[in-house]
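Right, one structure below, let's go through it.
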Amino acid sequence: MEEEYESRRVRRWEELDTDILVRIFQKFSVFELTSGLAHVCRGWRAACCDPILWKTLDLSHMRSSFIKIPLEPYVYVERRSDEALTRILKLSMNLSGGNTRTLIFHFNLFLSDDQLTYTAERCPGLRRVVLPAWNRIKKTGICKAIRIWKDLESLTMPSIANPPYLLTEIAKNCKNFKELKIMGPFEIFFANTLITCLPNLKTLSLRCSAIKREALMKILDGLPDLEVLNISHSHLVEYSGWQPQQKVIVRELDKTIMEKASRLKRFLTCMEHKTCVMCQRTENDEGIVRWYKYEEGEWKVDEVSSLHL
1 MEEEYESRRV RRWEELDTDI LVRIFQKFSV FELTSGLAHV CRGWRAACCD PILWKTLDLS
61 HMRSSFIKIP LEPYVYVERR SDEALTRILK LSMNLSGGNT RTLIFHFNLF LSDDQLTYTA
121 ERCPGLRRVV LPAWNRIKKT GICKAIRIWK DLESLTMPSI ANPPYLLTEI AKNCKNFKEL
181 KIMGPFEIFF ANTLITCLPN LKTLSLRCSA IKREALMKIL DGLPDLEVLN ISHSHLVEYS
241 GWQPQQKVIV RELDKTIMEK ASRLKRFLTC MEHKTCVMCQ RTENDEGIVR WYKYEEGEWK
301 VDEVSSLHL
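Once you know that position 24 of the sequence shown is 24 in UniProt numbering, the rest is easy, because the numbers rise by one and skip nothing.
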């Protein structure tokens, strides 16, 4: 009778093998994983802490609730929104045990210095980071994070007015760094800084960005190890004349650019302003794409597979 009872007894959720629970939990988002599953029982907590669940911490669906203000940092983030992000970060860091290798923030998530530092200290082994808007991140905060991320290989970031301090820190601390995506204007100063600080860069994406033709030429000449360059849907401009200079939109890549780019393994372009929706959007926004106006998740796209989210 006892054996018959045991054979008929339905196993409870907490008695499932950890491997099976992990497979189930892999279908859950970070918000579901941090919603209290780990408090059900020891077995569920063990499954929630499995490294495979935290290899990628994807917060790309989490946006700040904010209003624009006229003074720095030009945004005011609602307190509840800030507290929700801090809570998710603390719970995620507690469960992940430092095993996160890819960290993705939403383009319009206004991360604070404290939140960035807290995350960096608990994710020292990051290899890929997708950073949000810079508004609340100060020089000291991002530099401290870069010094911790010594294994960093890939970075997606908004454009930055003063790139030397950031790229210098990457050059000093991230010896395996090879891949960069810039979402925003790409000026000559940025190009020169990139050539000086990261001459061994392998992959560069300037997708949907305002690019000065001279800056593009400098990159093609000054990064000898560059293998992949993506300027799809870019707003390519050059200036002619003296005073005042006249801005001219480049509609077609000329022979000089194509010859210099011929050494690359992949040179990705799209300048179909009459038929391509993204080309039209980039031109309308003059290379500073207002992603909030378009389909959610459009900012994640990239023609370079290793940068596509």
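Note that CB positions come from ideal geometry on N, CA and C, so glycine has one too.
Simplified DSSP state of residue i, which is helix, strand or coil
i: Phe105; result: strand
i: residue 323; result: Not covered by the structure: residue 323. The range shown for the chain is 1 to 309.
i: Val301; result: coil
i: Thr203; result: strand
i: Phe186; result: strand
i: Ser92; result: helix
i: Phe66; result: strand
i: Glu121; result: helix
i: Val77; result: strand
i: Tyr5; result: Residue placement at Tyr5 cannot be trusted, given a pLDDT of 47 that sits under 50; what the coordinates show is reported in the next sentence. Note: Tyr5 maps to helix in three-state DSSP.
Euclidean distance between Cα positions of residue i and residue j
i: Arg213; j: Ile20; result: 54 Å
i: Ile146; j: Ser60; result: 21 Å
i: Ser262; j: Ile195; result: 19 Å
i: Arg290; j: Tyr74; result: 16 Å
i: Glu272; j: Leu216; result: 19 Å
i: Ile137; j: Val77; result: 13 Å
i: Leu204; j: Leu198; result: 11 Å
i: Asp113; j: Leu85; result: 13 Å
i: His233; j: Leu111; result: 28 Å
i: Glu83; j: Lys265; result: 45 Å
Residue i: first and last residue of the uninterrupted beta strand (DSSP E) it sits in
i: Pro158; result: 154-158
i: Arg266; result: 266-268
i: Ala210; result: 210-212
i: Asn230; result: 228-230
i: Thr56; result: 56-59
Extent of the continuous alpha helix (DSSP H) to which residue i belongs
i: Lys139; result: 139-148
i: Asn173; result: 164-173
i: Glu283; result: 277-284
i: Arg128; result: Where Arg128 is concerned, there is no enclosing alpha helix (DSSP H), although the beta strand (DSSP E) it sits in stretches over 128-130.
Beta-carbon proximity check, residue i vs residue j, cutoff 9 Å
i: Pro185; j: Ile249; result: no
i: Gly36; j: Thr18; result: no
i: Leu95; j: Cys48; result: yes
i: Ile211; j: Thr269; result: no
i: Lys260; j: Leu220; result: yes
i: residue 341; j: Lys181; result: A query on residue 341 cannot be resolved here, the shown segment of the chain reaching from 1 to 309 and no further.
i: Phe190; j: Pro158; result: no
Exercise for the section: Could you tell me whether the stretch 128-139 touches the stretch 82-93, using the rule of 3 or more Cβ pairs below 8 Å? Expected result: no
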